[in-house]
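*Asks:* Heads up: the sequence shown is residues 0 to 249, going by numbering that gives the first Met the number 0.
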Amino acid sequence: MIAHLSDPHLDGTPQARDRLRRVTSYLLAFQRPVDVVLVTGDLADHGTEYAEVAAELAVFGDLPVLVLPGNHDVRAAFRAGLDAYVDAVGGGDDPVHQVREVAGVRFVLLDTTVPGEDHGLLSADSLDWLDGVLAEPVDGPVFVAFHHPPVGLQHPKLDQWLLQAPGQFAAILRRHPVTALLGGHLHNGVSTTYAGLPLLLAPGIRSTVPLPFEPPTPGGGLADDTAPPGLAVHIHRADAPLLTKFVELA
0 MIAHLSDPHL DGTPQARDRL RRVTSYLLAF QRPVDVVLVT GDLADHGTEY AEVAAELAVF
60 GDLPVLVLPG NHDVRAAFRA GLDAYVDAVG GGDDPVHQVR EVAGVRFVLL DTTVPGEDHG
120 LLSADSLDWL DGVLAEPVDG PVFVAFHHPP VGLQHPKLDQ WLLQAPGQFA AILRRHPVTA
180 LLGGHLHNGV STTYAGLPLL LAPGIRSTVP LPFEPPTPGG GLADDTAPPG LAVHIHRADA
240 PLLTKFVELA
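#1: Mind pulling the beta strand (DSSP E) runs of 3 or more residues that sit fully within the segment 73-148?
#2: Of all the options H96, Q153, P202, which has the alpha carbon lying nearest to the alpha carbon of S125?
#3: So what does DSSP say about D223, is it helix, strand or coil?
#4: Counting only runs of 4+ residues fully inside the segment 4-47, write out the alpha helix (DSSP H) ranges in chain order.
#5: Have a look at D44 and Q14 and give me their C-alpha separation to the nearest angstrom.
#6: Can you tell me whether DSSP reads P66 as helix, strand or coil?
#7: With a CB to CB cut of under 7 Å and the five nearest residues on each side skipped, what residues in its chain are close to K156?
#8: Report the partner residues of P197 according to the DSSP bridge assignment.
#9: Is there at least one non-hydrogen atom of the ligand NAP closer than 6 Å to the beta-carbon of L67?
#10: Pick from D117, R16, G131: whose alpha carbon is nearest that of A123?
#11: Do the segment 0-13 and the segment 183-195 make contact, defined as three or more Cβ pairs closer than 8 Å?
#12: Taking contact to mean 3 or more Cβ pairs, one atom from each stretch, closer than 8 Å, check whether the segment 198-212 and the segment 150-169 are in contact.
#13: Apply the 10 Å Cβ neighbour rule to T111 and answer buried if 16 or more other Cβ atoms are within range, or exposed otherwise.
#14: If we count the other Cβ atoms within 10 Å of its Cβ and call it buried at 16 or more, is G166 buried or exposed?
#15: Would you kindly check if the distance between the Cβ of G119 and the Cβ of L162 is under 7 Å?
#16: When you compare the segment 133-143 with the segment 61-68, are there three or more beta-carbon pairs, one atom per stretch, that lie closer than 8 Å?
Below, the structure written as structure tokens:
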């Protein structure tokens, strides 16, 4: 069972911190603990608040917690501030790519960020790394996680900030056995497909972005930080299809 969180955007304010705590408190009250917590980016709002992030993640104790950066995160600071949670190739400003094994499940964590930009991109080197990792023999499910999704929501703003040039990414995914793709960034709980695979995006913790057909935010801005924080819970069993529950915590 995977607790899939995204976009807490901790910024030192009680509001952001309390919204994340509503999510972590919900998870800690489960009658059976999840096997792993995955956070798909934008942990720190300004790329500096990693001491606060680490303090909030510490409530999970010995439970495996996997993190990857989003466009608000800063690679070097992310590595340094979350060193207890990051096991990545390279260092400094290199992409924070990781391969983590939890309870017989492989998680391939991609850094799709472009320093200083809001959109995502996978360089040729990153794609080669991914291709090599996915070619390794694995006896179990494989989840590929990242921040920027390769498909949008038909939203005039959000769809400017997707993963760019996704064609080779799709080609690599089609060549290898992958169970599902997990992402964030769009502050909406979404289930769709990409490259013939389930693509599951977690809701935003810090805020929700209404889609064009929905009622606008109370203040008329892009994001609604009064909407309930949310998360996704993915349940994988060898004898059953992958099941995802999207949760809003009113």
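Beta carbons: idealized from backbone N, C-alpha and C, even for Gly.
*Replies:* From the atom records:
#1: 97-101, 104-108, 141-144
#2: Against the sequence shown, residue 125 aligns to sequence position 126. Answer by Cα proximity: H96.
#3: Position 224 of the sequence shown, counting from 1, holds the residue named residue 223. Strand at D223.
#4: 13-27
#5: Here residue 44 corresponds to residue number 45 of the sequence shown, with the count starting at 1. Here residue 14 corresponds to residue number 15 of the sequence shown, with the count starting at 1. Approximately 13 Å, taken between the alpha carbons.
#6: Looking up residue 66 in the sequence shown gives position 67. It should be noted that the sequence gives Val, not Pro, for residue 66. V66: strand per DSSP, three-state reduction.
#7: Position 157 of the sequence shown, counted from the start, is the residue given in the question as residue 156. Cβ neighbours of K156 beyond the five flanking positions: L221.
#8: Stepping through the sequence shown from its first residue, residue 197 is reached at position 198. Answer by DSSP bridge pairing, in chain order: T192.
#9: With respect to the ligand NAP, the structure shown offers nothing to examine, as it has no ligands at all.
#10: Taking the first residue of the sequence shown as position 1, residue 123 is located at position 124. Per the Cα distances, G131.
#11: yes
#12: yes
#13: What you label residue 111 is simply residue 112 of the sequence shown in a count that begins at 1. So T111 counts as buried.
#14: Position 167 of the sequence shown, counted from the first residue, corresponds to residue 166. Classification for G166: exposed.
#15: Here residue 162 refers to the residue found at position 163 of the sequence shown. Here residue 119 refers to the residue found at position 120 of the sequence shown. Yes; because the gap between Cβ atoms is below 7 Å, this pair is in contact.
#16: no
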